[in-house]
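Structure record follows, encoded as structure tokens.
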Amino acid sequence: MKEQVLIQAIGIYRRSQQNFFQVKLPRDTHKIIGVETGLLVLDSPPYAFSPLQAGSDLIERNNLMGVLQLKANGRPDIFYAKEIFERDLNIGAGELKVYPYDPPNERRLGLRRIFVPPDGNSFDFSPSCTHGTKREEDPLNICGCTAINGYFKDSIGEVFGYDVSYKVMLYIWIERQMISNDNKPGT
Amino acid sequence: MQTVKKRFDIPVTEPNKVFSKSFELDKNIVSVKGILFTSDKDDLLYYRGSQKVEINKEEIFPENYESKLLLSGINVSPNNRYYDMGNQPAGNGTIKVDYKDTDDTRAVFVPYRVSLYVECVLQ
Numbered sequence: 001m002k003e004q005v006l007i008q009a010i011g012i013y014r015r016s017q018q019n020f021f022q023v024k025l026p027r028d029t030h031k032i033i034g035v036e037t038g039l040l041v042l043d044s045p046p047y048a049f050s051p052l053q054a055g056s057d058l059i060e061r062n063n064l065m066g067v068l069q070l071k072a073n074g075r076p077d078i079f080y081a082k083e084i085f086e087r088d089l090n091i092g093a094g095e096l097k098v099y100p101y102d103p104p105n106e107r108r109l110g111l112r113r114i115f116v117p118p119d120g121n122s123f124d125f126s127p128s129c130t131h132g133t134k135r136e137e138d139p140l141n142i143c144g145c146t147a148i149n150g151y152f153k154d155s156i157g158e159v160f161g162y163d164v165s166y167k168v169m170l171y172i173w174i175e176r177q178m179i180s181n182d183n184k185p186g187t
Numbered sequence: 188m189q190t191v192k193k194r195f196d197i198p199v200t201e202p203n204k205v206f207s208k209s210f211e212l213d214k215n216i217v218s219v220k221g222i223l224f225t226s227d228k229d230d231l232l233y234y235r236g237s238q239k240v241e242i243n244k245e246e247i248f249p250e251n252y253e254s255k256l257l258l259s260g261i262n263v264s265p266n267n268r269y270y271d272m273g274n275q276p277a278g279n280g281t282i283k284v285d286y287k288d289t290d291d292t293r294a295v296f297v298p299y300r301v302s303l304y305v306e307c308v309l310q
């Protein structure tokens, strides 16, 4: 048996877009052992995905990008469904943070609005990369499946009233029976 | 079982480009136990990165496998940070990484460094 991952990119470019797709599994697939998902945002309204300002004590609602559903071919039921969120905005909510004293100053207020590209020290504003737990697939055990029929429906476009472009990455972990033809005569 | 950890760096100097690098393990390394990706700018690796990884010409992670799936945050115990590879035979000891940077509106590009940490088992 050998594990392998299959990757399917689901592109969404319009609000409320529905995407139907099919993932064909290799012939020697023994079973599906897990599913992972990822997200790549290509175009969004300015500041749409900015987290709360650092130091705020509020909890913010996570952005639901859409809902994913997977079905094995020849079977009526959905075997996997997941709500895809942009990220966990409150992942660092319980963190203690130390901010340098910054006295109010009219000149500085103007300077504060200057955009500063990420430099590796601005984690207060994007803590998912530092504070996430270990990413592992959702374990599954689906045998006798040759193709997966999938469905994804956009939600974030409806909320923003804007055509948000993004790609949902779907990772399907399978277990294969590696049957070698190397030693068979005539092959 | 004695293990050793190795680090290999890939400088990412331009956006939306693939950076391919091959690394050689020491001859006395028999298998690879775990791998881990980090960066000097974690947010860029998290949002923009994906890679293909081959060990001994065997594909371990295919093209477009996102880097965030191989990152561990500081919430993870140091003992659990490596992605468990079982005991992948090192073979000829060559690790090939095709790292791809892709635009994402949440992280604006600046040059950054991607580091691959490999936990190896010695002979």
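Taken in order, these protein sequences are the chains called A and B.
Using our numbering, the letters of the first sequence map in sequence onto residues 1 to 187.
Using our numbering, the letters of the second sequence map in sequence onto residues 188 to 310.
No residue lacks a Cβ here, since even glycine has one placed at the ideal position from N, Cα and C.
These numbers come from a predicted model, not from an experiment.
Using DSSP with H/G/I as helix, E/B as strand and the rest coil, what is residue i?
i             : result
residue 190/B : strand
residue 300/B : strand
residue 235/B : helix
residue 215/B : coil
residue 158/A : helix
residue 200/B : coil
residue 129/A : helix
residue 257/B : helix
residue 265/B : helix
Using a Cβ-Cβ cut-off of 8 angstroms, state whether residue i counts as contacting chain A.
i             : result
residue 314/B : The structure shown does not extend to residue 314/B, since chain B is modelled only from 188 to 310, so the question has no answer here.
residue 259/B : yes
residue 224/B : no
residue 306/B : no
residue 253/B : yes
residue 263/B : yes
residue 197/B : no
Quick one: what's got a C-beta closer than 6 angstroms to residue i's C-beta in the same chain, skipping five residues either side?
i             : result
residue 240/B : 247, 248 and 284
residue 223/B : 268, 269 and 304
residue 69/A  : 78, 81 and 151
residue 19/A  : 10 and 152
Tell me which same chain residues have a C-beta within less than 7 angstroms of the C-beta of residue i, skipping the five on either side of it?
i             : result
residue 203/B : 288, 289 and 290
residue 72/A  : 79, 142, 145 and 148
residue 23/A  : 6, 8, 147, 148, 150 and 172
Leaving out the 5 sequence neighbours to the left and right, which residues in its chain are closer than 8 angstroms to residue i when beta-carbon positions are compared?
i             : result
residue 121/A : Any reading at residue 121/A needs caution, since the residue's pLDDT is 46, under 50, leaving its predicted position unreliable; the model's value is listed next. Excluding sequence neighbours, residue 121/A sits near nothing in its chain.
residue 191/A : Past the boundaries of the shown model lies residue 191/A; chain A is included only from 1 to 187, so the question cannot be answered.
residue 280/B : 211, 212, 213, 214, 216 and 243
residue 67/A  : 81, 82, 83, 84, 152, 153 and 155
residue 139/A : 33 and 34
Write down the C-beta distance between residue i and residue j rounded to the nearest angstrom, noting that I regard them as a contact closer than 8 angstroms.
i             : j             : result
residue 155/A : residue 65/A  : 6 angstroms
residue 299/B : residue 227/B : 6 angstroms
residue 42/A  : residue 168/A : Actually they do not touch by this definition, with Cβ atoms about 11 angstroms apart.
residue 293/B : residue 49/A  : 6 angstroms
Comparing the C-beta of residue i with each C-beta of chain B, is any distance below 8 angstroms?
i             : result
residue 88/A  : no
residue 133/A : yes
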